[in-house]
Structure formats: C-alpha cells, structure tokens
Amino acid sequence: MMEIIGIWMAALLTLCILSFLYKDNPFYKFAEHLFVGLSAAYWAVYYYFNILYPNLIQPLFGHGQLLLIIPLVLGIMMVMRLFPKVGWVSRWPLAFIVGSYSGYNLITYLQSNALEQVRATLVPFIQIESWKSLFTNPGVMTFLNAIAAPVVVVGVTTGVIYFFFSKEHKGVFGGFARIGVWFLMIAFGASFGYTVMARISLLIGRMYFMLHNWLHLI
Amino acid sequence: MKKQIPLIITFIAGMVMVLQFFIPHRPFSDLQQLFNSWFLIITVFAMILGLGNLFKVHTKRLQRRPKGWWYSIVLLAGFAIMFTVGMIWGPARGTPFDYLFWNVHLPMSSMMFALLAFFVASASYRAFRARTPEATLLLVSAILVMIGRVPLGNYIWDKLPLIGDWIMSYPNMAGQRAIMIGIALGIVSTSLRIILGIERTYLSGK
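Those sequence lines, one after another, are chains A and B.
Those letters in the first sequence? Residues 21 to 238, per my numbering, in order.
Those letters in the second sequence? Residues 413 to 618, per my numbering, in order.
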C-alpha cells in the first residue's frame, strides 16, 4: 500500500514540475516550494547525522573533548549574522573558513589542476606506434590516433596562451590565441553535447517511470 | 578588532594548511587535522545560517501576505515534515525519511534536471546558428558527440561513435585542460592574496 502511495506521489509531483513547459502555474509553484523545503530539511538532517553529531556533539558531550568548544563558539558566532547589531562577530568564523579553504586550495589546485595537468601534457609529440599503424592500416581512426598527441599538446598550449591577458592578442601571439579559441570552442561544443545527452537520459528515466511504474503501459 | 583579528585568523588558518603540506609532521599534521574537523563543524553552522535566512524570508512573507504567500506555508510545512521525520527515525535505509527521499524528493529533483532538456533544446537552436568559424566548430563537435552516443550514429556510419569518443578524449580534453590550468593559476593567486590580507572583500558588510 505504501509503495502505491509513493508511486502516486512521485508521479503527481513529476507532472506538477512538467507542467512548467506550458507556463509558470500554481501546480509548478507548489512543487517548487515543496522541493526547496524538503531539500533544506534533507541536507539539515544529513549534516546533523554525518558531521555535527560524530564530530561535535558526541566527542564534546560524550567524551568531554573540551577543545571542541572553540568550533562550537565560532559556529554560534556564524549564526549571529542573522542579527544585524551583532552580525560583525560572524567575521571571525568566516575568516577561519576562508583562510583554511584558501590554504587548502592553494596547494591542491596547484598540484592537481596545474602541475599534474602540465605533466600529463608533456608527452612525445610523435607516437611511433600510432604512426606505424597508420601506414600499415590507413583509415580515419588510425589517422586520428596518430595525431592525438600533437592535438593535445597544441590544444593545451594555445588554450593557455589565450588565457594570458597581460599581452595584447596580436601578431603571432594573437594567431596562437586564436587557435586556442578553436580548441576551447570544440571543448565547449563537446561538453554541451554531453550535457544534452545526460539531460535527455534523465528525461527518458522519468518518462519510463511514468509509463512503466505508474501507468503500466510499457 | 573588527578587521584585524579576522585577518590574523585567516593568515594563521591559511598558513597552517599550506605548511602542513611541506612539513607533514607534528605539530602541523595535528593542527591540519584539528582545523579540518573545525572547518567541517563551522560549515554546518554556515548551513544553519542559511536555514535561518530561509525561515526569516518566509515568515516575513507570511506576515506581509504578498501575492502567492501561501506557497511559503508549503515550503515551511515540507521542511517541518522532512526534518521531524529525519530527526526522529534517522536517515537510515527503510525509515520514513528514506521513503520521503525516494518518493518525493528524488522524483522532483530528477524532473527539475530533466526539464532542462527542453530548455537546452531551445538554447541549442540559438547557439548552433553557425555565424562564425568558432560557432561552426562548436556546432560540429556538439553534433558529433551527440550523434556518436545514440544508435542512429552507428547506423549512419560505424566510425561516428569512435569519432565522438576521440573528440571527447583529445581536443575536448585539451580545451578542458587549458581551462583547468587557467582556473588553478587564478585560484592560487587569489588564495595567496587572501592569506596575506591583500584581498579583504569577504570581510565587507556588517
């Protein structure tokens, strides 16, 4: 019985959201507000049971780890932002969050997103095996595989040149920057196509639920 | 007091995080673990602050009763039900909280994202008008990736799925990598400015 009620609730709420395709209407607004309320509660419960209870409440009140009074006080100071007269005290916990996050990101981004990416790009320009297979077995894919390494090296180098704004994009430098734009456009197009396919597959999933689980038509 | 102490806190927290990477020994390793757990706890309070703001906005709407005020009741009731159920029975499998998540929250969240498929279709019409060579490249790579991922692509030419994969693996990766390097350099410089107290905009406001 509970399963049937669940399927009906899911189906009706799905229809409420789908109704936005016609225009903004009370059914959509109802579902939208319900969604915001449920999401807020979901994350509140999730954070309580997964972070607050094991990291603060249990060690502080259960095991007497008094040092945890410091983040508790900082947390309460953060909530003080809701009260304009004492709102300035929220700067202290905010400063802690901003500082530690900056310090953490400074190293991790430098290591994983800059150095590792540069290292992965520094590959032999000509892959002998790929070129051998191109000459022994000429075709579209063997050709594309043979030029893969130069494409990556040229794409990354010219893409980074495009992001260098301290020098005017003119002459040879401008030419490289323009090639960089081409690679960025291919990347944006590919990402766009990929996103479209992901959204369509989500839509197919919802439609399958409606026609299979709810209406039993397929 | 209002500006100097936050700047000192930012500097100490930031430097501990940086130093623990270069000196992974005590006391820096201990301090990093301590700061990590404090960070998590304060982040939860930041979420509580967001919830407080949400309540403030919607209780004000209930008091002033503008057009569509009753939707605020829906929002607050949705929150109250889900929160109460979650706090009483917990978030484990098979609980009422889990039931509400699978039958109410998840269908709405998937449909919200699925709805974007329709808006993406209209956005693609605008984006895909090949007016410049750059727009043509965007159009061609998007179409090849999309066609390569449906059975029709394989039906037209069996190499199309492979070409779609090649675009994703090489030219797309090169572009994404250039963007990642650019973002990383930007984050490194901004983080340095914040830790050293040059960038102070996050301290503005009351």
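We put the CB at the ideal spot given by N, CA and C, even for glycine.
Computed from a predicted model, the values in this text were never measured in an experiment.
Residue i in three-state terms, based on DSSP
i         : result
Glu136(A) : helix
His232(A) : helix
Leu35(A)  : helix
Lys618(B) : Summary for Lys618(B): the model assigns pLDDT 46, below 50, so the residue's position carries little reliability; its value from the coordinates is reported in the next sentence. The answer is coil: DSSP assigns Lys618(B) none of H, G, I, E or B.
Tyr42(A)  : coil
Tyr73(A)  : helix
His437(B) : coil
Asn165(A) : helix
Tyr483(B) : helix
Glu611(B) : coil
Leu88(A)  : helix
Gln475(B) : helix
Tyr582(B) : coil
Ile146(A) : coil
Proximal chain B residues relative to residue i, where beta-carbon distance stays under 7 Å
i         : result
Ser186(A) : The contacting residues do not exist; Ser186(A) stays about 12 Å from chain B at best.
Tyr259(A) : Since the first and last residues shown for chain A are 21 and 238, residue 259(A) lies out of range.
Ala197(A) : Per Cβ cutoff of 7 Å: no residues; Ala197(A) is ~11 Å from chain B at best.
Thr141(A) : Arg589
Leu33(A)  : Val516, Pro519, Met520
8 Å Cβ cut-off: residues of chain B touching residue i
i         : result
Leu204(A) : Gly587, Ala590, Ile591
Pro91(A)  : Ser449, Trp450, Ile453, Ile454
Rounded Cβ spacing between residue i and residue j (contact assumed at less than 8 Å)
i         : j         : result
Leu549(B) : Ile579(B) : The pair is not a contact, with the Cβ atoms about 11 Å apart (cut-off 8 Å).
Ala166(A) : Leu154(A) : 4 Å
Met29(A)  : Val516(B) : 6 Å
Met98(A)  : Leu461(B) : 6 Å
Ile599(B) : Asn125(A) : 5 Å
Ile607(B) : Met427(B) : 7 Å
Leu88(A)  : Leu76(A)  : 6 Å
Residue i, buried or exposed, once every other Cβ within 10 Å from all chains shown has been counted against 16
i         : result
Ile181(A) : buried
Phe619(B) : Residue 619(B) lies beyond the range of chain B shown here (413 to 618); nothing can be said about it.
Ser122(A) : buried
Gly480(B) : exposed
Ser110(A) : buried
His470(B) : buried
Ser603(B) : buried
Residues that residue i contacts on chain A, provided the C-beta gap is smaller than 7 Å
i         : result
Pro478(B) : Near Pro478(B) there are no residues of chain A at all, since even the closest Cβ is about 13 Å away, more than 7 Å.
Leu528(B) : Arg219
Leu461(B) : Met98, Val99, Arg101, Leu102
Trp578(B) : Leu164
Contact set between residue i and chain D, taken where Cβ atoms lie within less than 7 Å
i         : result
Tyr614(B) : Here the protein chains are A and B, and chain D is not one of them.
Chain-ordered neighbours of residue i on chain B, where CB pairs are closer than 9 Å
i         : result
Ile71(A)  : Leu452, Ile453, Thr455, Val456
Thr215(A) : Leu528, Val532
Partners in chain A for residue i, counting only beta-carbon separations shorter than 8 Å
i         : result
Lys370(B) : Summary: the structure shown does not reach residue 370(B), with chain B confined to residues 413 through 618, and so no result is reported for it.
- Task: Could you list the residues in the stretch 38-56 of chain A with a C-beta less than 9 Å from some C-beta on chain B, going in chain order?
- Result: Leu38, Phe40, Leu41, Pro46, Lys49, Phe50, Ala51, Glu52, His53, Leu54, Phe55, Val56
- Against chain A: residues of the stretch 542-576 of chain B by CB proximity under 9 Å: Pro545, Glu546, Ala547, Thr548, Leu549, Leu550, Leu551, Val552, Ser553, Ala554, Ile555, Leu556, Val557, Met558, Ile559, Gly560, Arg561, Val562, Lys571, Leu574, Ile575, Gly576
- Task: Give, in chain order, every residue of the stretch 418-441 of chain B whose Cβ lies closer than 9 Å to some Cβ of chain A.
- Result: Pro418, Leu419, Ile420, Ile421, Thr422, Phe423, Ile424, Ala425, Gly426, Met427, Val428, Met429, Val430, Leu431, Gln432, Phe433, Phe434
- Query: Got a sec: which bits of the stretch 103-129 of chain A sit with their beta carbon under 7 Å from any beta carbon on chain B, in order along the chain?
  - Reply: Pro104, Gly107, Trp108, Arg111, Trp112, Pro113, Leu114, Ala115, Phe116, Ile117, Val118, Gly119, Ser120, Ser122, Gly123, Tyr124, Asn125, Leu126, Ile127, Tyr129
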